[in-house]
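Below is one structure; the comments refer to it alone.
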Amino acid sequence: MTAKTLSKENFKKFAENLVKSERTIGVKAKETKYEFGNINNADEIVMDYDVTLRSPRTFFQPPKEKLFDFKLGANTEIKPNIEADPFVLLGIHSYDLKALNQMDIIWDENNADQHYKARRNAATVIALEPTQASEWSFWGSMDSSTVDKGYDLLLTDIGNKYYVEVGTEKGANLLSKYASAEDATNDDNTARDKVRSELPNLCKADRKVKCDTDGITASMKNSYNNAIWEKLAEKCYSCGSCNLVCPTCYCFDVKDTIELDLATGQRTRKWDGCLLEPFAKVAGDENFRENRADRFRHRILRKTVYVADKLNGELACVGCGRCSSTCLPDITDPVKILNELCS
Amino acid sequence: MSKPKIAFFDFAGCEGDQLTVVNLEEALLDVLEHVEIVSFREAMKEHSDDYDIAFIEGSCTRVADEARLKDIRKNAKIVVAIGACATSGGINALKNIRPLETVRKEVYGENWKDYDTYRARGIGEVIDVDYKVYGCPMTQSEFVKVVKSLLTGTQPDIPNYPMCVDCKQAGNVCVFEKGQTCVGPITRAGCDACCVTEGATCWGCRGLVNDPNVDAHKEVLEKYNLSVDELTKRMATYFTNELPKG
Ligand code: SF4
Ligand code: SF4
Ligand code: SF4
Ligand code: SF4
Ligand code: SF4
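If you're matching them up, the sequences are chains Y and S in order.
To convert, count from 1 in the first sequence and add 17; that's the working numbering.
To convert, count from 1 in the second sequence and add 25; that's the working numbering.
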């Protein structure tokens, strides 16, 4: 579609208008880190962040959500619950949007998930190409510094202004409603191309996956019996932190709870993770992945093989580096693992 | 169907868990729709030995406690340990890391011999326990959850994974990022990591998760410059009885 530009000053006005009129979720400081959250004042918005604590999946698959209320009795009643108020997601980095695009495919598989879809449809996505990388980021070598779909608007910081690529009608309307944007000139196009081509270099030089991304799946398929899993998992807590911060982890656990009247209750689902001990436990206390090493291996193979197979071969690790930074024993960094296992 | 009769008992503890029950207020009235309390020193004078479910708070710290515990076990169909003192020995177990005589002299002075007391233990070391409600004190919501499970004949859903899960769900910045340490990675989740959320760190009052990776955590704590002494203290607060010896 079309391309526009917004001076930094006009962007500020745009953000102010947005916050005033729309439920806006953007990036703000949280102690020494950054986190997506409700924006009440445009001054809170941080546009030059490196990475957020958790991925934006929080807004599409909340940590805990009620699926329906029920009432037991001769005629069991069920009242579905879908919370999907319209919102603007401002400032999601390219790698996180790439992950979100993958999740669109995953949640649409088989029984399309109505809860996810409703929230995805309720979102207007204003993506942002990163201007900083965290010390753990490696999206530069995971084909994730830019993204070509999934956004309504896509912003690139080209110095004194944002280059704004309009992805959808919805994005165009939002922009014309709240901002005075100008048409992009040839110079702007050139400036944007230059910024884009340099994006991968924002990631630190030692944060590179050295193998060709196309060959990763094949190499990883051969790694199943490698001794590395046992060795690394010796230090694993089975704490699931690596799962829960990842933009392409989507597992959940479903529970029914009943009120003290013993008649009404709710079905809820909450985040789960394949590193957790009870994850693969089934009736009769059978556990398909009883050993830490089995669970540890499973996550890495999900990202590089199993989920990739569902995504036409696209790797389900976008290189955000969140798992690497959150893992206290420092064993689960995909860069180290991939560089050791892939030639 | 007649209402199941329930009774509360206390051993060495601060009564914080019984207070949690009293503080249920309205929810307590809902609970009373389904059960009859026949004994509860914290809240009523009457006492009866005719009960189906016994909720026991506190640790076993004396020989005399053992006989009383065994009596309760004999009378009750179901025994529920409530709070850290009862489930693992809790902070009472801190005394177990020092010579008993030293501890007794310190507490009881020259009359120390008149007070028989030994290693503090969770009640599960003396009698069979059917359910455990963790925490110091236990949370109201987990207590109610276990009560509902007892009433419906289902297994209560008590997490068996580390606190870091609750922290991630809450969106906390990990305390290790702030130059502090905690024992969350080996502590059983289930309190929404409330202490970290409120700006403190996790001391592990819910006890160890099953199969905790204690060695890995010692290594991590050393990496974050905790001395061996600090590390031992950190781990001992709630884990003394549960930690593998050595
Ligand atoms: S790999 Fe690291 S973050 Fe993941 S479960 Fe193990 S210790 Fe936790
Ligand atoms: S596996 Fe790690 S680096 Fe890759 S997308 Fe998930 S959290 Fe990010
Ligand atoms: S577990 Fe904690 S709250 Fe309960 S009796 Fe012991 S010290 Fe008190
Ligand atoms: S603060 Fe403690 S419990 Fe929370 S994530 Fe960090 S180590 Fe885990
Ligand atoms: S965060 Fe840790 S110390 Fe605090 S209540 Fe939970 S288990 Fe206990």
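Note that the Cβ used here is the ideal one computed from N, Cα and C, for glycine as well.
In the DSSP secondary-structure assignment, D174 of chain Y is bridged to Y:Y179. Taking N177 of chain Y as reference, the option from Y:T349, Y:T22, Y:C340, Y:S162 with the minimal CA-CA separation is Y:T22. Counting every other CB atom within 10 Å of its CB across the protein chains shown gives F305 of chain Y a total below 16, marking it as exposed. Distance from the CA of E247 of chain Y to the CA of A135 of chain Y, rounded to the nearest whole angstrom, comes to 41 Å.
Chain-order list of chain Y residues neighbouring I211 of chain S: Y254, by C-beta distance under 8 Å. The beta-carbon of K193 of chain S is placed less than 8 Å from the nearest beta-carbon of chain Y. Residue pairing of K45 of chain Y in beta bridges, as defined by DSSP: Y:E52. A distance of 8 Å or more separates the beta carbons of C216 of chain S and A109 of chain S. A distance criterion of 7 Å places the beta-carbon of G149 of chain S beyond contact range of ligand 3, judged by its closest non-hydrogen atom.
Two segments are said to touch when three or more pairs of C-beta atoms, one from each, lie closer than 8 Å; by this definition the stretch 253-272 of chain Y does not touch the stretch 183-196 of chain Y. Identification of chain S residues near G176 of chain Y by a Cβ-Cβ cut-off of 9 Å yields none; the smallest Cβ-Cβ distance measures about 32 Å. In this structure, T343 of chain Y has its beta carbon less than 7 Å from a heavy atom of ligand 1. Among the CB atoms of chain Y, none fall inside 8 Å of the CB of N100 of chain S. E126 of chain Y and S151 of chain Y have their alpha carbons spaced roughly 33 Å apart. Residue burial is scored here from C-beta neighbours: I122 of chain S has fewer than 16 other C-beta atoms within 10 angstroms and is therefore classed as exposed.
At least one CB atom of chain S sits nearer than 8 Å to the CB of P80 of chain Y. Pairing V335 of chain Y with F33 of chain S, the inter-Cα distance amounts to about 54 Å. With respect to the 8 Å criterion, I143 of chain Y and L107 of chain Y are classified as neighbours on the basis of their beta carbons. Taking a beta-carbon distance threshold of 8 Å, G257 of chain Y counts as an interface residue toward chain S. Closest by C-alpha distance to S73 of chain S, out of S:K173, S:I31, S:T86, is S:I31. Taking each of Y:N190, Y:D229, Y:K37, Y:G330 in turn and checking the Cα distance to S158 of chain Y, the smallest one comes out for Y:D229. Interface with chain S (8 Å Cβ-Cβ cutoff): E26 of chain Y is excluded. When Y:G338, Y:K25, Y:K327, Y:C253 are compared, the shortest CA-CA separation from R312 of chain Y is found for Y:C253. For C337 of chain Y, the CB stays at least 7 Å from every heavy atom of ligand 4. For E61 of chain S, the uninterrupted beta strand (DSSP E) run begins and ends at 61-64, by DSSP. For N48 of chain S, not one C-beta of chain Y is nearer than 8 Å to its own C-beta. If you check the C-beta of G209 of chain S against ligand 4, you find a heavy atom less than 7 Å away. The criterion of a C-beta distance shorter than 8 Å is satisfied by R213 of chain S and N185 of chain S. Taking the CA atoms as reference points, C256 of chain Y sits about 39 Å from G90 of chain Y. The beta carbon of L279 of chain Y sits closer than 8 Å to some beta carbon of chain S.
Residue range 104-110 is occupied by the beta strand (DSSP E) that includes F104 of chain Y. Placement of the Cβ of N197 of chain S at a distance of less than 7 Å from at least one heavy atom of ligand 4 is found.
Contact between the stretch 172-184 of chain S and the stretch 217-224 of chain S is not established, with fewer than three Cβ pairs separated by less than 8 Å.
Inclusion of I116 of chain S in the 7 Å shell around ligand 3 follows from its C-beta lying nearer than that to a non-hydrogen atom of the ligand. Close to chain Y, meaning a Cβ-Cβ distance shorter than 9 Å, are the following residues of the stretch 166-187 of chain S: V169, K170, V172, K173, L176, T177, T179, D182, P184, N185, Y186, P187. Apart from sequence neighbours up to five positions away, the residues of its chain that approach R146 of chain S with a beta-carbon distance below 8 Å are S84, C85, T86, G114, A118, N266, ordered along the chain.
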